[in-house]
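Colleague: This is the structure I want to talk about, given as structure tokens.
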Amino acid sequence: MTTHSFVETRREQPVRDIALLVNPTSGRGRARQAAHRAAERLRRDGASVTELVGTDAAHALRLAERAVVAGTDALVVCGGDGVMNLALRAAVGTSIPIGLVPAGTGNDYARMLGLHGSDPETAARVVLAGGTTAIDAGRCGAHWFGTVLACGFDARVNERTNRMSWPRGKWRYNLAVLAELARLRPLDYALELDGERWETSAVLVAVGNGTSYGGGMRICPGASWTDGWFDVTVIGPVAARRLVRVLPTVYEGGHVEYPQVTTVRARRVSVSTPGVTAYADGEPLRRLPLTAECVPGAVNVLAPAGQF
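Going by the numbering used here, the residue at position 83 of the sequence shown is 338; the numbering climbs one at a time, nothing skipped.
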């Protein structure tokens, strides 16, 4: 599979009419306060801000879609990866850029946009600067994702995390990892990568449009939002005690050096194995099998200068 790259064009354009989509539950409720601070900063600098607060994900998506159809200068999210996915779905295929005021728990979009750890005022200034870059997105039928599609042990950890109400934040994810390690079994996968079929036994298959999931786990460290390719990481049969040693290295991307780990690149990936619900951007997608396609330049994002 040959590599391919796209010539990047970053545009600077005024952003003055802003739709601010807020997930009030993101970051244990921090999103409301962050949204207030960001909106104040934006208005002080002359922007018009319309705040959108959905009663649930479906309602929030409808609000975002209406804002895009109405022709806002930017659709800006205050929250985490889940609500950023709603903005992606609303704006994909249009010229409307999406921006982010980080206020979630995982914040993997924020990491890839160069905004992780930014305060609301700093994120607001990035929006106002209007630096827009077109990035790739993954498409699975009618579904879209920007970070990583999880199709194995990682998906089951995500599913368990969503069922747990305690503890909060990263500790909940870590406890879910321990619980799933206790029932770790390799699965038989049928993969198709750009038409080439591959049958393998594995504990994890991750399809990366972006590099990380789970709050900074760089499962696909070579992935790029602007190259038109997925990076696919496959962790083969491995005992739980070995996986415990591998997992901490994922935060730096060091796991790819282990012999049990294979990485490949493809534009179109089909994944099939029984009994697994795939997750993308931290949210349930659908039961396998599924096919994902990398769509180059699918959506515009607002990011700091030099990020892409």
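C-beta: ideal position from N, C-alpha, C; glycine also.
Bear in mind the structure is a predicted one, so any value in this text is a computation, not a measurement.
Using the Cβ count rule (16 or more neighbours within 10 Å means buried), how would you classify Ser303?
Modeller: The residue is exposed, with fewer than 16 neighbouring Cβ atoms inside 10 Å.
Colleague: With distances taken from CA atoms, which of Glu435, Ala345, Asp336 is nearest Thr327?
Modeller: Among Glu435, Ala345, Asp336, the Cα nearest to that of Thr327 belongs to Ala345.
Colleague: Three Cβ pairs or more, each shorter than 8 Å: is that satisfied between the region 493-500 and the region 463-476?
Modeller: Touching, no, given that fewer than three Cβ pairs across the two stretches are closer than 8 Å.
Colleague: Could you give the distance in angstroms between the alpha-carbon of Glu538 and the alpha-carbon of Gly301?
Modeller: Each residue's alpha carbon lies about 35 Å from the other.
Colleague: I need the DSSP call for His371, collapsed to helix, strand or coil.
Modeller: Coil at His371, not helix or strand.
Colleague: Using the rule of at least 16 other Cβ atoms within 10 Å of the residue's Cβ for burial, across every protein chain shown, is Pro529 buried or exposed?
Modeller: Exposed.
Colleague: What does a CB cutoff of less than 7 Å around Leu543 pick up in its chain, not counting 5 residues either side in sequence?
Modeller: If we look at Leu543 and ignore the five residues flanking it on each side, its Cβ neighbours are Cys406, Val526, Ser527, Thr528, Val531, Ala533.
Colleague: Out of Thr517, His291, Gly477, Pro352, which has the shortest C-alpha to C-alpha gap to Val458?
Modeller: Among Thr517, His291, Gly477, Pro352, the Cα nearest to that of Val458 is on Thr517.
Colleague: Rounded to a whole number of angstroms, what is the C-alpha to C-alpha distance between Arg415 and Gly361?
Modeller: Spanning the two alpha carbons is a distance of roughly 15 Å.
Colleague: Helix, strand or coil for Ala319, going by three-state DSSP, please let me know.
Modeller: In the structure shown, Ala319 sits in a helix (DSSP, three-state: H, G or I).
Colleague: List the endpoints of the continuous beta strand (DSSP E) containing Arg418.
Modeller: Element bounds for Arg418: not the beta strand (DSSP E) but the alpha helix (DSSP H), 408-418.
Colleague: So, with DSSP's three-state summary, where would you put Leu404?
Modeller: Correct three-state label for Leu404: strand.
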